[in-house]
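Each remark here refers to the structure printed beneath this line.
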Amino acid sequence: MQSKTGVFLLILAGQAALNAQDAPQQHQRRPTIGVALEGGGAKGLAHIGVLEWFEENHIPVDYIAGTSMGGLIGGLYATGRRPSEIRNLVGQIDWTDVLSGTVPFRDLSFRRKEDLRAYPNSLEFGLRHGVSPPSGLNSGQSVRSLLDRYLLAYSGTKSFDDLPIPFRCVATDLVSGKARVFSDGPLADALRATMSIPVAFAPVHDQGKIYADGGLLDNLPTDLVRQMGADIVIGVHLKAGATDPKSLRSLFGVLDAATTVMIDANVIRSMERADILITVDAAGYTTLDFDKAEKIIPKGYAAAQSSTKVLTRFSLAGEEWNQYAARRESKRVNAVQVPQFVDITGASDQLASDIRKAFSSHAGRPIDAHKLEENITLLMGQERFHSLGYSLIERDGVPGLLITAEEKYDSPPWLKPGFVIDGADPYNVRLMFASRLTFQDVGGYRSEVRIDASFGSIYAIRAEYYHPFTRTRGWFVAPEAFAGRIPINLYSGSRLEAEYGLRNTGGGVDLGYLFDRFSELRIGYRAGYLSGSPRIGSPSLPSGSGRTGATSLSFTMDRLDSPAIPHSGMEVLSNAQWIDANLGATNKFPSAETAFTGFVPIGAPASVYAIAAGGTTFGYKNTGIPAFSLGSPTRLAAYGLNEFLVNQYWYFRLGYLHQIGSLPAFWGTGIYLTAQYEAAKPYGLPNGPRLATDGAAGLAMKTIVGPILIGGAVGEGGHKKWFFQLGRIF
0 MQSKTGVFLL ILAGQAALNA QDAPQQHQRR PTIGVALEGG GAKGLAHIGV
50 LEWFEENHIP VDYIAGTSMG GLIGGLYATG RRPSEIRNLV GQIDWTDVLS
100 GTVPFRDLSF RRKEDLRAYP NSLEFGLRHG VSPPSGLNSG QSVRSLLDRY
150 LLAYSGTKSF DDLPIPFRCV ATDLVSGKAR VFSDGPLADA LRATMSIPVA
200 FAPVHDQGKI YADGGLLDNL PTDLVRQMGA DIVIGVHLKA GATDPKSLRS
250 LFGVLDAATT VMIDANVIRS MERADILITV DAAGYTTLDF DKAEKIIPKG
300 YAAAQSSTKV LTRFSLAGEE WNQYAARRES KRVNAVQVPQ FVDITGASDQ
350 LASDIRKAFS SHAGRPIDAH KLEENITLLM GQERFHSLGY SLIERDGVPG
400 LLITAEEKYD SPPWLKPGFV IDGADPYNVR LMFASRLTFQ DVGGYRSEVR
450 IDASFGSIYA IRAEYYHPFT RTRGWFVAPE AFAGRIPINL YSGSRLEAEY
500 GLRNTGGGVD LGYLFDRFSE LRIGYRAGYL SGSPRIGSPS LPSGSGRTGA
550 TSLSFTMDRL DSPAIPHSGM EVLSNAQWID ANLGATNKFP SAETAFTGFV
600 PIGAPASVYA IAAGGTTFGY KNTGIPAFSL GSPTRLAAYG LNEFLVNQYW
650 YFRLGYLHQI GSLPAFWGTG IYLTAQYEAA KPYGLPNGPR LATDGAAGLA
700 MKTIVGPILI GGAVGEGGHK KWFFQLGRIF
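Numbered by numbering that gives the first Met the number 0, the letters in the sequence shown go through residues 0 to 729 in order.
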């Protein structure tokens with residue numbers, strides 16, 4: 000209550016000062032006006048509405064400063080953009096993409112796609128300096144590209160005082176624990192630093208300094224605009240509602256509330272330094288409600304309008320406003336020079352060579368921001384960089400394009416964990432923890448050592464050395480070694496008879512060709528030793544062991560838009576083998592299997608999809624362990640896990656996905672309803688069905704630990720069950 004009274008008295012004092020300024024002796028110079036914009040995430044979009052009202056009522060802004068989102072809006076306004084332009088820019092931003100902080104799956108390199116197919120989650124730990132969890136859930140790359148695009152024309156600005164409106168923004172130096180006021184340097188970098196919300200975005204590294212969101216220390220920088228020379232300081236405060244106790248049930252809810260309490264303390268001090276305070280009613284909106292921009296922006300306009308009596312004292316008459324607007328416009332930079340060369344900073348020689356190759360075509364041509372960002376996205380898809388940015392430089396009077404790289408400082412190597420819960424059989428739920436350890440540049444640039452290990456229901460380890468002969472697409476060689484223990488169910492009709500444990504060890508080598516980031520062809524040979532014995536069931540069941548060997552030809556093409564729950568695209572997996580040895584087989588035999596998956600969007604929230612697959616051993620029957628299996632939440636959901644072990648089959652699924660909601664920020668993305676019809680023909684089973692069919696429906700969620708599917712299925716012959724799946728669900 001005391002703080003509100005103090006603010007009210009300050010406003011009265013400001014009004015008294017304004018009345019004094021109406022005296023004739025003060026006409027030689029109007030008071031200069033400085034505006035401070037508070038940070039607040041999406042709530043800060045209300046600042047656009049405040050500035051719209053200022054423009055309509057001819058309120059001049061001589062100085063402007065901001066923090067976090069207030070810094071972004073203030074920085075854009077300082078470059079001479081009108082509020083209507085800023086509103087249009089904000090409306091064009093894909094905030095889901097900006098907040099996701101990940102490279103789109105389609106733009107990842109083929110190897111990195113493989114990582115996410117095997118481990119479809121957002122978890123990754125760098126191991127270069129010990130175990131390093133991600134410093135932020137979002138690298139900030141999307142924010143960086145956004146700022147580079149909007150502020151490219153101001154790359155050469157030496158001082159923020161030279162902007163159409165002098166500008167300052169604040170970041171927190173996490174090393175010294177002090178506020179860092181940006182008054183010069185690259186404007187895009189300054190705004191990126193002030194917007195680096197802790198935990199949500201990774202901090203910005205710059206010349207040994209580590210910067211995070213300035214709101215931690217100065218969320219409403221009224222002191223800065225006063226120091227810049229403003230006679231009258233106007234603060235724009237974003238008033239949030241009371242914290243909902245229900246929001247404190249999650250880790251991020253508690254962190255957000257604790258941060259808000261800490262920030263509020265410095266905001267109150269800053270409010271007391273303002274001559275005029277505009278309070279925006281932002282109750283009911285969160286820092287992440289960017290999709291509600293069209294509702295938040297008018298809140299700012301209404302707040303400014305409610306202070307009409309105080310603010311219109313500063314309105315400029317028509318001619319005086321025109322002169323002010325003309326001076327501001329004269330300082331605006333619209334033209335972007337054509338770069339004559341490309342320079343790279345921050346990257347090792349090998350990575351710099353890749354960057355130079357990607358951007359060399361931009362020299363001597365007008366800047367194409369879309370193409371620049373497309374190149375950046377593809378380079379980011381290699382997962383070698385923390386971020387990549389672009390700006391204009393000048394060398395001996397010649398303009399050039401500067402690509403600023405920030406390599407990952409905690410990897411390689413890195414560890415990608417995964418969790419699998421297979422509830423295909425509710426009475427025998429299988430649990431597994433898996434991980435992939437990746438080393439890069441072992442024995443050559445872009446060579447990789449990949450080690451997969453799993454523990455739980457399945458114990459396995461596999462190591463592969465991948466060595467490309469070219470820097471991008473082309474030939475490669477990939478030797479591997481493996482060992483593991485896998486359980487497999489045996490059925491008599493629909494009745495579970497036994498569970499076998501299969502143990503295998505072996506190795507192999509592939510010669511492959513990488514076509515692009517979507518497809519790969521491999522030919523190779525694998526040999527090993529396999530033994531099997533019953534773990535559950537009659538002790539009279541046979542055991543056996545023997546050599547295995549197979550020559551294989553495989554092709555993979557992945558154009559899906561997500562490894563977890565796709566919305567569009569297609570995938571083709573094909574594998575042909577000549578098996579010269581298999582446990583229980585009496586002869587050598589061939590086998591082939593192909594699977595096609597296609598998703599077609601039908602509006603923003605929904606898609607239909609089809610999966611078709613088939614496999615055969617071309618009439619060979621005495622193959623030992625059958626080559627193919629059916630029965631799981633991903634293939635005949637109503638049937639038992641691996642209920643059909645066969646040497647020939649076909650399978651078809653037609654499904655529908657509809658997004659019905661979203662998970663809380665940073666816990667995941669979409670929540671979906673799913674429904675599907677499945678049909679399959681398992682050949683060669685004396686007691687098997689002529690046609691196995693079922694229908695299934697459930698709820699799917701795309702979480703940070705992987706996709707989750709909960710549902711039920713009903714099939715022919717009394718097959719019905721509930722199932723739960725964490726891991727791959729498509």
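Ideal Cβ positions, reconstructed from N, Cα and C, are used throughout, including at glycine.
Original post:
Roughly how many angstroms separate the alpha carbons of residue 387 and residue 375, rounded to a whole number?
Top reply: 7 Å
Subject >> Spatially closest choice to residue 316 from 700, 682 and 56, by CA coordinates >> reply: If we check each option's Cα against that of residue 316, 56 comes out closest.
Original post:
Between residue 566 and the rest of its own chain, which residues show a CB-CB distance below 7 Å, the 5 nearest in sequence each way excluded?
Top reply: 560, 598, 600 and 606
Original post:
What first and last residue would you give for the alpha helix (DSSP H) that runs through residue 373?
Top reply: Run containing residue 373: 368-379, per the alpha helix (DSSP H) assignment.
**OP:** Within its chain, find whatever has a CB closer than 6 Å to the CB of residue 16; leave out the 5 residues flanking it on each side and keep chain order.
**Re:** The pLDDT assigned to residue 16 is 42, lower than 50, so where the model puts this residue is not dependable; a value taken from the coordinates is nonetheless given after this. Counting only Cβ-Cβ distances below 6 Å, and skipping sequence neighbours, we find nothing.
Subject >> Own chain, CB closer than 6 Å to residue 672, minus 5 neighbours either side, in chain order >> reply: 657 and 659
Original post:
How many Å lie between residue 495 and residue 445 at the Cα?
Top reply: Their Cα atoms are separated by approximately 47 Å.
Original post:
In angstroms, rounded to a whole number, what distance separates the CA positions of residue 717 and residue 196?
Top reply: As the crow flies, the alpha-carbon of residue 717 is around 54 Å from that of residue 196.
**OP:** For chain D, find out if any of its Cβ atoms is closer than 8 Å to the Cβ of residue 606; answer yes or no.
**Re:** The displayed structure is made up of one protein chain only, and chain D is not part of it.
Original post:
Should residue 310 be labelled buried (16 or more other beta-carbon atoms within 10 Å of its own) or exposed?
Top reply: buried
Subject >> Whole-angstrom distance between residue 435 and residue 502, CA atom to CA atom >> reply: 21 Å
Subject >> DSSP three-state assignment for residue 457, whether helix, strand or coil >> reply: coil
Original post:
Hey, how far is the Cα of residue 617 from the Cα of residue 650?
Top reply: 17 Å
Subject >> Per-residue burial, residue 541 [other beta carbons within 10 Å of its own, 16 or more giving buried] >> reply: exposed
**OP:** Just grab the DSSP bridge partners of residue 64 for me.
**Re:** DSSP output for residue 64 lists 35 and 167 as bridge partner(s).
**OP:** Determine the contact status of residue 636 and residue 693, defining contact as a CB-CB distance below 8 Å.
**Re:** Against a cut-off of 8 Å, the Cβ pair of residue 693 and residue 636 comes out as a contact.
Subject >> Simplified DSSP assignment, three categories, for residue 196 >> reply: Residue 196 falls in the coil class under three-state DSSP.
Subject >> Limits of the beta strand (DSSP E) - the one that residue 524 falls within >> reply: 518-535
**OP:** Please classify residue 262: does DSSP put it in a helix, a strand, or coil?
**Re:** helix
Original post:
Which two residues bound the contiguous alpha helix (DSSP H) that contains residue 94?
Top reply: 94-99
Subject >> Runs of beta strand (DSSP E) wholly within the region 468-507 (minimum 3 residues, chain order) >> reply: Qualifying beta strand (DSSP E) stretches, in chain order: 473-491.
**OP:** Can you give me the start and stop residues for the beta strand (DSSP E) that residue 140 sits inside?
**Re:** No beta strand (DSSP E) contains residue 140, which is instead part of the alpha helix (DSSP H) from 140-149.
Original post:
Which term fits residue 137, buried or exposed, when burial requires 16 or more other beta carbons within 10 angstroms of its beta carbon?
Top reply: buried
Original post:
Whole-angstrom Cβ separation of residue 558 and residue 543, contact assumed at under 8 Å?
Top reply: 42 Å between Cβ atoms; not a contact.
Subject >> Of the residues 76, 407, 173 and 389, the one placed nearest residue 382, counting alpha carbons only >> reply: 407
Subject >> Candidates 571, 586 and 370, of which the one nearest residue 578 by Cα >> reply: 586
Original post:
Mapping DSSP to helix, strand and coil, what is residue 730?
Top reply: Outside the shown range of the chain (0 to 729) lies residue 730, about which nothing can therefore be said.
Original post:
Taking the alpha-carbon positions, what's the residue 68 to residue 37 distance?
Top reply: When rounded, the distance between both Cα atoms is 8 Å.
Original post:
Buried or exposed: where does residue 736 fall if 16 or more other Cβ atoms within 10 Å of its Cβ makes it buried?
Top reply: There is no way to answer for residue 736, as the model of the chain reaches only from 0 to 729.
Original post:
Buried or exposed: which applies to residue 721, given that a residue is buried once 16 or more other Cβ atoms fall within 10 Å of its Cβ?
Top reply: exposed
Original post:
Can you list, in chain order, the stretches of the alpha helix (DSSP H) that have 4 or more residues and sit fully within the region 558-624?
Top reply: none
Subject >> C-alpha distance - residue 180 paired with residue 655, whole-angstrom precision >> reply: 52 Å
Original post:
Whole-angstrom Cβ separation of residue 509 and residue 125, contact assumed at under 8 Å?
Top reply: In fact, because the Cβ distance is near 28 Å, the residues do not count as touching under 8 Å.
Subject >> Endpoints, alpha helix (DSSP H) assigned at residue 224 >> reply: 221-227
Original post:
Using the C-alpha atoms, what's the distance from residue 691 back to residue 728?
Top reply: 20 Å
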